[in-house]
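Worksheet: the structure to be examined is printed underneath.
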Amino acid sequence: MTLLDAPPFNARRALWIKRISIAAVVLFFAGFTGTILYVLDFPWQLWNWPSDHRVNLFLDDVEAGNLQKAYGQWNNDFQWQQHPDRYKLYNFAAFQRDWGAHSDYGVIKSHRIIVAKHVGNGVVMGVDINGGSTPIFLRVDNKTHQIGFSPIELYIGQ
942 MTLLDAPPFN ARRALWIKRI SIAAVVLFFA GFTGTILYVL DFPWQLWNWP
992 SDHRVNLFLD DVEAGNLQKA YGQWNNDFQW QQHPDRYKLY NFAAFQRDWG
1042 AHSDYGVIKS HRIIVAKHVG NGVVMGVDIN GGSTPIFLRV DNKTHQIGFS
1092 PIELYIGQ
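Heads up, the sequence shown is in my numbering, so the first residue is 942 and it goes up one at a time.
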């Protein structure tokens, strides 16, 4: 056998090498894509969409001055006027003090959710109100869908 003689072609080995090569390329691109998405925190933002949407609807009602509807969003009970005794701990008068025109934020004209994170059995989100420098942190419970003030503050990178 000379140096230029090729070994006999092995179809089974060639097919095996082809399959391994394709699998390696697919795994590389899947890993690369997963790493980029992890760095960008992209797909995990979509998991919080229902809670983000609920807070956006709530704050849209507050901006429109419809505090009764906003209070219904807050408690996830749009018939709250029929049984106000359920909400003695945070009644409508306290809600008006916190979210009305004479609140610490004044008249709320704009809002923007800047961070949201699943924590425990709810989603905590930082909301920028009226372009302020410090966000307010709200929490949406996954089971009851009630909105509340969060005792946890998230790091927003400032």
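Even glycine gets a Cβ: it sits at the ideal position worked out from N, Cα and C.
A quick note: this is a predicted structure, and the numbers were derived from the prediction, not measured.
In chain order, what are the residue ranges of uninterrupted alpha helix (DSSP H) at least 4 long that sit wholly in the segment 987-1036? Counting only runs of 4 or more, we get 990-1004 and 1008-1016.
Can you give the Cα-Cα distance for I1054 and I1088, rounded to whole angstroms? Walking along the sequence shown from the start, residue 1054 turns up at place 113. Walking along the sequence shown from the start, residue 1088 turns up at place 147. The alpha-carbon atoms of I1054 and I1088 are separated by roughly 14 Å.
Based on the DSSP output, what are the partners of D1069 in its beta bridges? By 1-based counting over the sequence shown, the position of residue 1069 is 128. R1053.
Where G1089 falls: helix, strand or coil (DSSP): Position 148 of the sequence shown holds residue 1089. Reduced to three states, the DSSP call for G1089 is strand.
In chain order, what residues of the same chain lie with their CB nearer than 7 Å to the CB of V1060, ignoring the 5 residues before and after it? Residue numbering aside, residue 1060 sits at position 119 when the sequence shown is read from its first letter. Residues of the same chain with a CB within less than 7 Å of the CB of V1060, apart from the 5 flanking positions on each side, are I1093 in chain order.
I'd like the span of the alpha helix (DSSP H) that includes L968, first residue to last. Counting from one through the sequence shown, the residue named residue 968 turns up at place 27. A952 to L981 is the extent of the alpha helix (DSSP H) around L968.
Between F1047 and G1041, what straight-line distance do the alpha-carbon atoms span, to the nearest angstrom? Walking along the sequence shown from the start, residue 1047 turns up at place 106. Walking along the sequence shown from the start, residue 1041 turns up at place 100. In the sequence as presented, Phe is not what sits at residue 1047; that position holds Gly. Cα to Cα, G1047 sits roughly 7 Å from G1041.
Over what stretch of residues does the beta strand (DSSP E) that includes I1077 continue unbroken? The sequence position of residue 1077 within the sequence shown is 136, counting from 1. Unbroken beta strand (DSSP E) run through I1077: I1077 to D1082.
Between which residues of its own chain and V1056 is the CB-CB distance below 6 Å, once the five residues before and five after are set aside? As a working mapping, residue 1056 is identified with position 115 in the sequence shown. Correct list, in chain order: G1067, L1095 and I1097.
Distance check for N989 and V980, CA to CA, integer angstroms please. Counting from one through the sequence shown, the residue named residue 980 turns up at place 39. Counting from one through the sequence shown, the residue named residue 989 turns up at place 48. Each residue's Cα considered, the two are about 17 Å apart.
Neighbourhood of Q1037 by C-beta distance below 7 Å, restricted to the same chain and skipping five residues each side: Within the sequence shown, the letter at position 96 stands for residue 1037. Counting only Cβ-Cβ distances below 7 Å, and skipping sequence neighbours, we find L1008.
Per DSSP, V1060 forms a beta bridge with which residues? On the sequence shown, residue 1060 is found 119 positions in, with the first residue counted as 1. G1063.
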